[in-house]
Amino acid sequence: MRRIALAGKPNAGKSTFFSAATMSDVEMANYPFTTIDPNRGVAHARTRCPCTDRDADCGLCADGARYVPVELVDIAGLVPGAHEGRGLGNQFLDALTTAEAIVTVIDAAGATTAEGDPVAVGTTDPLAEVAFIEEELEAWMAQIIADNWAGVRRSARAPSFDLDAALAEVLSGLGITDHVITAVLRDAEYPTRVDAWGDAEFTMLAQAVRRRAKPIVLCANKVDLATAENISRLRAETDAVMTAAIAERTLRRGVDAGVVEYRPGDDTFQVIGDVDADQRAGLDAIADLLERFGSTGVQATIDQAVYDRLGLITVYPVQNESRWTDAGGQMLPDALLLPSGATPKDLAYAVHTDIGEGYLYAVDARSQRRIGESTTLEEGAVVKIVSTAD
Ligand SMILES: Nc1nc2c(ncn2[C@@H]2O[C@H](COP(=O)(O)OP(=O)(O)OP(=O)(O)O)[C@@H](O)[C@H]2O)c(=O)[nH]1
Ligand SMILES: [Mg+2]
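In our numbering, the protein residues as written are 4 to 393.
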């Protein structure tokens, strides 16, 4: 499963976001370092289900909204200097290396210090938090490259030495694939002589790799508390998604309790059960918030990470190309996230290695036509794979 990690300063609302997105109970509190061990759970990206194109109901989507699972990881809060061990240290930067995309949660309300201590709303500047996660990550990666440089120098004495391969080895420990390293080295100019490398080159390489391998979605949280001035500054100076994680959590709990009708990502909800006066006031405040911001922002953040930053597409493998079902008659049983540019053969491998190896051909189940092995699939493609492994 694709993995997305939440990062940010302590007390920004990461665990609240996590709890809302995964509907799991984790510790959340108004003091720093509530979370120590990472929380892992399943969140979902939202997309339009292909069954809506057929006026059918697949039974797996919510009125046309299809939710595709991704893994979400919630880690301890980070403070500036984390790469040097400040706060709870750099072990949590390590937790970020296994994620494909990072959501940086900042406190739009400015009601917490850089260390996560609560202060009055508007005291601290949310814009000051925007860049520090990428800076910490890049500094930490640069340091790891520097730490490994003595080894690279030693191996450079061998006649068979290959700089790209040596760099790939150093960076693979950070969860960076050869594919990314190759692209980074192709796009930038670096000294080919190993002894010409220094801190500036380590930093440059770390930045290039971070940008390509760990895209970041910025999430300005606690907008329900934030001043109008902070909101407009954040809107003008960043591309942050405005979120109120706490509101999303309340709505989903309401759905669970059977008193609210709401699909994550919707711009409205309905109260369908009995609520007391306090709950009613809370829900009214959320309704106002949705009107102001369009949504709670939680779903939009995940969708931006999956579809925009990672550029993934949702593809639906089926066995029966006219009914769009599996052998058991379930319509559109699986929704898979594939990299953009994926081909039917890539889909076959994603379904199962054996299906990929036995690949014969594919049928576009929308047009009923055969499609070439190297055709590029699009968002919402419904595809039948014919394989010797069937
Ligand atoms: N008003 C408001 N408060 C929020 C929101 N999201 C989280 N909070 C509050 O912010 C405080 C911190 O939330 P957590 O989710 O524990 O924050 P965290 O980032 O996980 O903190 P650490 O684990 O300590 O790093 C709690 O009191 C939450 O109720 C929000 O959208 N609006
Ligand atoms: Mg937490």
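Beta carbons are placed, not taken as given, at the ideal position from N, Cα and C, and that holds for glycine. Owing to the predicted nature of the structure, the values given are computational and were not obtained by experimental measurement.
Compute the distance between the beta-carbons of residue i and residue j, then report whether it is under 8 Å.
| i | j | result |
| --- | --- | --- |
| R213 | E264 | no |
| S298 | D270 | yes |
| L140 | L99 | yes |
| G344 | T391 | no |
| N14 | G119 | yes |
| Y310 | A338 | no |
| A229 | A111 | yes |
| V183 | V155 | no |
| A247 | V220 | no |
| A216 | I275 | no |
| E381 | I316 | yes |
Could you give the distance in angstroms between the alpha-carbon of residue i and the alpha-carbon of residue j?
| i | j | result |
| --- | --- | --- |
| T115 | E294 | 26 Å |
| T378 | R6 | 27 Å |
| E376 | F95 | 41 Å |
| G285 | G113 | 22 Å |
| M4 | V71 | 10 Å |
| D28 | S22 | 6 Å |
| R255 | V76 | 19 Å |
| V187 | V73 | 26 Å |
| M334 | A153 | 57 Å |
| Q302 | T126 | 28 Å |
| E30 | K17 | 11 Å |
| G80 | F296 | 26 Å |
| Q146 | G383 | 42 Å |
| T356 | N323 | 20 Å |
| D329 | P347 | 17 Å |
| A102 | I78 | 11 Å |
| N42 | P162 | 47 Å |
Which residues in the same chain have their Cβ closer than 7 Å to the Cβ of residue i, if we skip the five residues on either side of it in sequence?
| i | result |
| --- | --- |
| R369 | V385 |
| M144 | L177, A209, V212 and R213 |
With a threshold of 8 Å on Cβ separation, who are the neighbours of residue i within its own chain once the five nearest residues in sequence on each side are excluded?
| i | result |
| --- | --- |
| G314 | P342 and S343 |
| L363 | V389, S390 and T391 |
| I109 | G11, K12, A15, P129, E132, V133, L221, C222, A223, N224 and A243 |
Would you list the one or two residues that DSSP bridges to residue i?
| i | result |
| --- | --- |
| N224 | D110 |
| V173 | V173 is not bridged to any residue. |
| L9 | D77 and V106 |
| K387 | V321 and V366 |
| Q94 | Answer is none; Q94 lacks a bridge partner. |
| T115 | P121 |
| I249 | In the DSSP output, where bridge partners are listed per residue, I249 has none listed. |
Near residue i, what residues of its chain come up, given a Cβ to Cβ distance below 6 Å and the 5 sequence neighbours on each side ignored?
| i | result |
| --- | --- |
| A59 | none |
| A1 | The first residue shown for the chain is 4 and the last is 393, placing residue 1 beyond what the model contains. |
| Taking three-plus beta-carbon pairs below 8 Å as touching, is the segment 122–139 in contact with the segment 233–245? | yes
| Contact between the segment 49–68 and the segment 26–40 (3+ Cβ pairs under 8 Å) | no
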